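Undergrad: If you scroll down you'll find the structure; I have some questions about it.
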Amino acid sequence: MNQLHRFTLLAGACLSLCSAAGAQTAVKPSGRAANKTQAAVAVAQPSAREVELMQRLDKLAAQVEQLKSQLAEVKQEQVRQAATPALAPVVAAPVAASQVAAGGAPAAVNGADNGAGAAAAEPATVLSGYGEINYNRYKDASRNQADVRRVVLGVQHRLDPKTKIVTELEVEHSVSSADDVGEVAIEQAYAERQINDRWALRAGLFLMPAGLLNENHEPTAYYGVERNFVETAIIPTTWREGGVQFVGDLGEGLTL
Numbered sequence: 002m003n004q005l006h007r008f009t010l011l012a013g014a015c016l017s018l019c020s021a022a023g024a025q026t027a028v029k030p031s032g033r034a035a036n037k038t039q040a041a042v043a044v045a046q047p048s049a050r051e052v053e054l055m056q057r058l059d060k061l062a063a064q065v066e067q068l069k070s071q072l073a074e075v076k077q078e079q080v081r082q083a084a085t086p087a088l089a090p091v092v093a094a095p096v097a098a099s100q101v102a103a104g105g106a107p108a109a110v111n112g113a114d115n116g117a118g119a120a121a122a123e124p125a126t127v128l129s130g131y132g133e134i135n136y137n138r139y140k141d142a143s144r145n146q147a148d149v150r151r152v153v154l155g156v157q158h159r160l161d162p163k164t165k166i167v168t169e170l171e172v173e174h175s176v177s178s179a180d181d182v183g184e185v186a187i188e189q190a191y192a193e194r195q196i197n198d199r200w201a202l203r204a205g206l207f208l209m210p211a212g213l214l215n216e217n218h219e220p221t222a223y224y225g226v227e228r229n230f231v232e233t234a235i236i237p238t239t240w241r242e243g244g245v246q247f248v249g250d251l252g253e254g255l256t257l
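In terms of this note's numbering, the sequence shown opens at residue 2 and continues consecutively.
This is the structure we're talking about:
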């Protein structure tokens, strides 16, 4: 009897446990359904953060489209420029600084040019000139005078990149006549052919490379009002001869 009672109690306990497990199992599906419903509501109604991100993506997409259109316009412009032949700009070549002498005139005109230098840096035709007006005041007032000592006009014309013609006309003391000390003379008239970058050959009438002032005799090339005695009396001033001359640059500041 005791064993039967124990068996009955054990069977009742098992039934109770099964009933409780069934009840829990029945409740779980309803919880899952509720979660699914909440997820559906969350998908249907995005958060404010998601809305902001979507707006930013839309703006970025619009900017990308704008950049694409601008890039297409740039490519079209490049194609048009490539199809149009470019016009080479015409620029006047400046006079090379090495061709300008101390008196402001091109060195080739006053005799200081040694034939070296790039010919392409010069214009085809060069006009030059300078003048000298002196006033002498002596202790003997009767000797005081003002004089247009000289006016020099020069023309240089380049026939081709290696050939040029140089002429120079000098007028001294304003007027030339039987009663005046004035003089009108062709100081230089020669043709020059460039052999290379450092050497050239001249033919015609040109200044001789003698002394300090014979070739470079502008007023700024010497001290004082008058040229010194050695360069005027012992060595003839503006000494010129006709013939053939070989000129060039020996380097280290030495010229021939």
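The C-beta atom is built at its ideal place from N, Cα and C for all residues, glycine as well. Fair warning: this is a prediction, and the values are worked out from it, not measured in the lab.
#1: Give the C-beta separation of E184 and S177 to the nearest angstrom, bearing in mind that I take them to be a contact with Cβ-Cβ under 8 angstroms.
#2: Assign A234 to one of three DSSP states: helix, strand, or coil.
#3: For R81, name the three-state secondary structure that DSSP assigns.
#4: Around the C-beta of T238, are 16 or more other C-beta atoms found within 10 angstroms, so that it is buried, or is it exposed?
#5: Should L271 go down as buried or exposed, given a rule of 16 or more other Cβ atoms within 10 Å for buried?
#6: Since I believe H174 is in contact with D181 (beta carbons under 8 angstroms), could you give me their beta-carbon distance rounded to a whole number of angstroms?
#7: Quick check on the DSSP output: the beta strand (DSSP E) that includes H158 runs from which residue to which?
#8: Cα-Cα, which of A142, E74, V156, N135 is closest to P124?
#9: Taking the continuous beta strand (DSSP E) assigned at T1, which residues delimit it?
#10: Which residues mark the beginning and the end of the beta strand (DSSP E) in which E133 is found?
TA: Answer, in terms of the structure:
#1: The residue labelled residue 184 in the question sits at position 183 within the sequence shown. The residue labelled residue 177 in the question sits at position 176 within the sequence shown. Their Cβ separation, rounded to whole angstroms, is 5 angstroms, which keeps E184 and S177 in contact under 8 angstroms.
#2: Indexing the sequence shown from 1 puts residue 234 at position 233. Helix at A234.
#3: Locating residue 81 in the sequence shown gives position 80, where the first residue counts as 1. In the three-state DSSP reduction, R81 falls in the helix class (H, G or I).
#4: Counted from its first residue, the sequence shown places residue 238 at position 237. T238 sits exposed, since fewer than 16 C-beta atoms from the chains shown fall within 10 Å of its C-beta.
#5: Here the chain covers residues 2 to 257 and nothing more, so residue 271 does not appear.
#6: Within the sequence shown, numbered from 1, the residue matching residue 181 stands at position 180. Within the sequence shown, numbered from 1, the residue matching residue 174 stands at position 173. Yes, D181 and H174 are in contact; Cβ-Cβ is about 6 angstroms, under 8 angstroms.
#7: For the purposes of this step, residue 158 is taken as the residue at position 157 of the sequence shown. Unbroken beta strand (DSSP E) run through H158: 146-161.
#8: Locating residue 124 in the sequence shown gives position 123, counting from the first residue. Answer by Cα proximity: V156.
#9: Residue coverage of the chain in this structure runs from 2 to 257, which leaves residue 1 outside it and unanswerable.
#10: Counting from 1 along the sequence shown, the entry for residue 133 is found at position 132. In this chain, the beta strand (DSSP E) harbouring E133 covers 126-137.
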